[in-house]
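With positions in the sequence shown counted from 1, the corresponding number in the numbering used here is that position plus 86.
Quick notes on the structure that follows.
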Amino acid sequence: MKTSDMLLPLELQLWAQAEGLAAQSTPLAQLTRVAQACLPTPAGQEVVCEWRLQSHLRHPDTLKQLWLHLQARLSVAQTCQRCLSPMPLLLEVDRHFRFVADEATALAEDDDCEEDLLSPSPDLTLQSLLEDELLLAMPLIPRHDRCDSPIERAQEPDLPHPFAALAGLKLSQP
Ligand SMILES: [Zn+2]
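This is the structure in structure tokens:
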């Protein structure tokens, strides 16, 4: 059984052609781009990403197609953009990919299919794909559904409503 250290940097298409299934845990610290987008892990705690990758060949109309199914779960924390306190997040990935011959084919076919298309490249590794998908799973603007930090409650009454400010501006004009 390969360790994730060995598997992560492998060219993904080469792995997919040869292997059927891998399921492992990778420490968040190893997924550097994801780690940088999250709050630092508390000392003494190790956060791991559980992932599962499966490849299979399908043959519709005799064309061999190489498919990948990537699933991953990772619990992280980000800063809530409303109250600025830490906010726990569960990132979940469940995506299907199909390999196509090259980048041009991927661009041409992308709008017509539900799955994501991958073109072979030495830069396309499990590490890069896993990091990309976890970053995509993050909210654009992380915010609690309901903020209840003391900072939020203290600041809220002072924030003027944008329309109220506008009304004040109009009144003051001659
Ligand atoms: Zn908040």
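We put the beta carbon where it would ideally sit given N, CA and C, even for glycine.
As assigned by DSSP and simplified to three states, the class of residue i
{"i": "Met-173", "result": "strand"}
{"i": "Pro-196", "result": "The residue asked about is misnamed: residue 196 is Asp in this sequence, not Pro. If DSSP states are grouped into helix, strand and coil, Asp-196 belongs with the helices."}
{"i": "Leu-222", "result": "helix"}
{"i": "Glu-132", "result": "coil"}
Rounded C-alpha distance that separates residue i from residue j
{"i": "Leu-204", "j": "Leu-210", "result": "8 Å"}
{"i": "Glu-238", "j": "Arg-232", "result": "Low per-residue confidence applies at Glu-238: pLDDT is 47, beneath 50, and the placement is therefore not dependable enough to give any value."}
{"i": "Gly-130", "j": "Arg-144", "result": "45 Å"}
CB contact check: residue i to chain B, cutoff 8 Å
{"i": "Gln-157", "result": "This model lacks chain B altogether; it includes just one protein chain."}
Residue interval of the beta strand (DSSP E) (run including residue i)
{"i": "Thr-165", "result": "151 to 165"}
{"i": "Ala-108", "result": "107 to 113"}
{"i": "Val-120", "result": "No beta strand (DSSP E) contains Val-120, which is instead part of the alpha helix (DSSP H) from 118 to 122."}
{"i": "Asp-295", "result": "Here the chain covers residues 87 to 260 and nothing more, so residue 295 does not appear."}
{"i": "Asp-202", "result": "202 to 204"}
Expected contact under 8 Å - CB spacing of residue i and residue j to nearest Å
{"i": "Cys-169", "j": "His-230", "result": "7 Å"}
{"i": "Trp-137", "j": "Leu-216", "result": "6 Å"}
{"i": "Arg-184", "j": "Gln-151", "result": "6 Å"}
{"i": "Arg-159", "j": "Glu-132", "result": "With 8 Å as the limit, Arg-159 and Glu-132 do not qualify as a contact, their Cβ atoms being about 15 Å apart."}
{"i": "Leu-139", "j": "Leu-154", "result": "7 Å"}
Residue i beta carbon near ligand 2 (any heavy atom closer than 7 Å)
{"i": "Met-173", "result": "Among the ligands modelled here, namely ligand 1, ligand 2 does not occur."}
Run of the alpha helix (DSSP H) containing residue i, from where it starts to where it stops
{"i": "Leu-100", "result": "98 to 104"}
For residue i: DSSP bridge partner residues
{"i": "Asp-180", "result": "Gln-157"}
{"i": "Leu-143", "result": "Leu-152"}
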